[in-house]
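Asker:
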Amino acid sequence: YLGREAKLCGANSWEDMRIDEIVYVINDLRAEIAKYSYEKDEKRKGELKGPLFKTTVPFYLSKLDAHVKENKGYLANGKLSWADLYFAAISDYLSYMYGSEITAGYPYLAELREQILEMPKIKEYIRNRPNTRD
298 YLGREAKLCG
308 ANSWEDMRID
318 EIVYVINDLR
328 AEIAKYSYEK
338 DEKRKGELKG
348 PLFKTTVPFY
358 LSKLDAHVKE
368 NKGYLANGKL
378 SWADLYFAAI
388 SDYLSYMYGS
398 EITAGYPYLA
408 ELREQILEMP
418 KIKEYIRNRP
428 NTRD
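Numbering-wise (this note's numbering), the sequence shown opens with residue 298 and increments by one.
#1: Alpha carbon to alpha carbon, what distance is there between residue 318 and residue 312?
#2: From residue 418 to residue 340, what distance separates their C-alpha atoms?
#3: Heavy atom of the ligand ADP less than 8 Å from the Cβ of residue 396, yes or no?
#4: Report the start-end ranges of each alpha helix (DSSP H) in the stretch 333–363 that is 4 residues or longer and not cut off at the edges.
#5: Which stretch, first to last residue, makes up the alpha helix (DSSP H) that contains residue 383?
#6: What are the boundary residues of the alpha helix (DSSP H) that includes residue 407?
#7: For the pair the stretch 387–396 and the stretch 328–345, tell me if three or more CB-CB distances fall below 8 Å.
#8: With distances taken between CB atoms, is the gap from residue 389 to residue 413 smaller than 9 Å?
#9: Is the Cβ-Cβ distance between residue 403 and residue 372 less than 9 Å?
#10: Is residue 423 buried or exposed, if buried means 16 or more other CB atoms sit within 10 Å of its CB?
#11: Just how far apart, CA to CA, sit residue 415 and residue 316?
Right, here's the structure in full:
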């Protein structure tokens, strides 16, 4: 709803589907990282770590990075969409759960994230938002 109101959706149902597809991929990545991050059993967490760090996360991030490269600096349709804002918003959380900067080694994603976070209204919000990480 808000994406449409802010004109951050696609121009047609095909473009909307491309945006949704990207957001589903980001959510799949989040779920995989969360399985590892929230695992309480240290043995099981250790078993999850190798595949997550060596295979799963690089798989997802390389695909997303390629999308940004192919779409003129954006995740879908060659223009700013709510998927780009969603990725920038969730990237801190993903990095927190992952234990390091999620966009490190993925230059197109890193540039997209930086571009979003430097938007004046977003930058102002981040500067003034309450600290909730304690």
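Glycine included, every Cβ here is placed at the ideal spot set by N, Cα and C.
Answerer: With the structure as the only source:
#1: 10 Å
#2: Straight-line Cα distance between these residues: approximately 44 Å.
#3: The ligand ADP is absent from the structure shown, which contains no ligand whatsoever.
#4: The stretch 333–363 contains these whole alpha helix (DSSP H) runs: 339–348.
#5: Segment 379–395, the alpha helix (DSSP H) holding residue 383.
#6: 404–414
#7: yes
#8: no
#9: no
#10: exposed
#11: 22 Å
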